[in-house]
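Using this note's numbering, you'd call the opening residue of the sequence shown number 63 and step up by one each time.
Heads up: the structure comes next, in structure tokens.
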Amino acid sequence: MNRSLILVNITGIIIGISYGLHGPILPIFAKNIIGASYSELGLIGLANFIPYMLIPVFVGILLDRFNNGYLLALGAAINSVSIYLLSVAQSVPEIMGFRIMTGVAHAFFWPPCESIISNHSTEQNRVRNISWFTMFFVIGFMAGPLIGTVFLEGFDITYRILFQITAFILSTAIISALLVSKNNVVNHHERFSFSSIKEMKKFPEVIILLIFCTSSFGIILSIYPAFLNDSGMTDTDILYLYFVFGISRVISLALTGKFSRKISQTLIAATIAVSSGLALSVLSDSIIVFGIALILMGFGFSIFFPLTLEIILSKTRRTISGKIIGAYETIFGIGWAIGPTLGGPITESFGNEAPYFVFCVIGIGVTILAILTRNKLEPKRIQNL
63 MNRSLILVNI TGIIIGISYG LHGPILPIFA KNIIGASYSE LGLIGLANFI PYMLIPVFVG
123 ILLDRFNNGY LLALGAAINS VSIYLLSVAQ SVPEIMGFRI MTGVAHAFFW PPCESIISNH
183 STEQNRVRNI SWFTMFFVIG FMAGPLIGTV FLEGFDITYR ILFQITAFIL STAIISALLV
243 SKNNVVNHHE RFSFSSIKEM KKFPEVIILL IFCTSSFGII LSIYPAFLND SGMTDTDILY
303 LYFVFGISRV ISLALTGKFS RKISQTLIAA TIAVSSGLAL SVLSDSIIVF GIALILMGFG
363 FSIFFPLTLE IILSKTRRTI SGKIIGAYET IFGIGWAIGP TLGGPITESF GNEAPYFVFC
423 VIGIGVTILA ILTRNKLEPK RIQNL
């Protein structure tokens with residue numbers, strides 16, 4: 063593994079820790095301290111994810127024109143500021159504003175990392191390298207809740223101080239990002255173009271699977287912690303559950319190399335796992351069942367990312383890979399925005415379990431579609447010109 067890949071993985075684990083440290087706590091903070099309703103939690107989630115519907119496609123254009131390491135450092139800086147500002151938030155609109163900043167920052171984090179990895183990988187090891195990067199991020203995300211438990215229980219700190227600590231941890235990622243920039247000199251300057259959006263139209267089956275997966279994931283990130291809290295889980299219980307969620311994701315990503323030999327079958331299994339986890343969430347009455355549900359969803363959510371990206375990159379010219387990555391991440395943003403937007407109002411109107419039942423039913427339909435179109439869910443090796 064070369065120096066750039068090592069530094070990107072270090073950046074990933076730092077940002078993962080920061081996300082895991084504050085992410086599961088934010089909905090509880092908003093509900094119990096600020097007084098947010100489930101609909102408002104959905105709006106907070108939407109505010110976080112809606113920039114990711116728009117910004118990545120522009121970042122994708124920048125990736126082919128500017129040093130990716132500088133773009134990554136910019137994302138880490140914006141992210142640090144946005145999380146620190148949560149510590150002074152007094153209302154739902156303020157939290158929404160700061161989460162918009164986080165969404166913008168995330169658009170300057172993930173696509174540059176993917177681009178750096180793709181540029182330093184061969185076609186043979188690209189899936190493995192992207193999976194390893196995601197795994198390092200998830201290891202951080204898994205460790206974050208445990209660190210949060212230590213701070214909340216061992217040091218008896220408040221949620222607001224936890225956000226400040228998170229911001230300082232995240233700011234260290236600026237250093238590793240700037241170090242990455244030394245090994246990433248731009249050798250070509252593609253003209254500004256939105257042709258990548260047209261390119262993504264070639265993958266309708268992949269887009270449908272991605273939107274289902276990311277919209278479900280958006281609910282798990284933005285609303286699920288509050289749902290767990292209302293289901294009798296304590297703050298510590300919720301952090302432990304997200305730790306288990308992280309373990310599932312790490313194991314799945316570690317095995318991606320084997321799963322990549324049969325991508326279509328793995329993606330079908332992933333949709334089944336996510337749907338089953340959502341179903342168990344509706345039926346659960348204990349921390350053990352919730353844990354099983356999160357393990358299943360952890361597998362599904364994690365395996366989707368590297369395998370669907372490989373399908374698209376394997377059928378795309380390397381010279382426009384930055385734009386394609388930006389368009390791909392925009393699809394993620396659409397799904398992440400759909401989840402909270404629908405999940406919050408559905409919860410308010412039909413009960414706490416309703417969104418998980420609705421998305422479980424949608425997942426069954428998506429699974430059937432994946433089975434019927436499985437031949438289109440395989441990568442095609444081409445000459446990258």
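Yeah, the Cβ is synthetic: ideal placement off N, Cα and C, and Gly gets one too.
Could you name each continuous alpha helix (DSSP H) segment of 4 residues or more that falls completely within the segment 296-374, going from the start of the chain to the end?
297-316, 318-321 and 325-345
F198 versus I72: straight-line alpha-carbon distance, rounded:
8 Å
Backbone secondary structure at F254 - three-state DSSP:
Because the pLDDT at F254 is just 46, under 50, the model does not fix this residue reliably, and the value given afterwards should be weighed accordingly. DSSP places F254 in coil when its eight states are reduced to three.
Rounded distance between the beta-carbons of L342 and I354, thought under 8 Å:
6 Å
Simplified DSSP state of D218, which is helix, strand or coil
coil
If you draw a straight line from the C-alpha of G104 to the C-alpha of S284, how long is it?
7 Å
Between which two residues does the alpha helix (DSSP H) containing R65 stretch?
R65 to H84
Length of the line joining the Cα atoms of R161 and A332
29 Å
Please determine if the segment 209-220 and the segment 124-143 are in contact, where contact requires at least 3 C-beta pairs separated by less than 8 Å.
no
K264 in three-state terms, based on DSSP:
coil
Can you grab the Cα-Cα spacing for the pair I123 / I350, in whole Å?
45 Å
How long is the line joining the alpha carbons of L136 and I386, rounded to whole angstroms?
21 Å
Taking L290 as the reference, give the member of M158, I90 and N191 with the closest Cα.
I90
S144, enclosing alpha helix (DSSP H) - first and last residue:
N130 to L148
Sequence-distant residues of its chain with Cβ nearer than 8 Å to I23 (five each side left out):
Since the first residue shown for the chain is 63 and the last is 447, residue 23 is missing from the structure and cannot be characterised.
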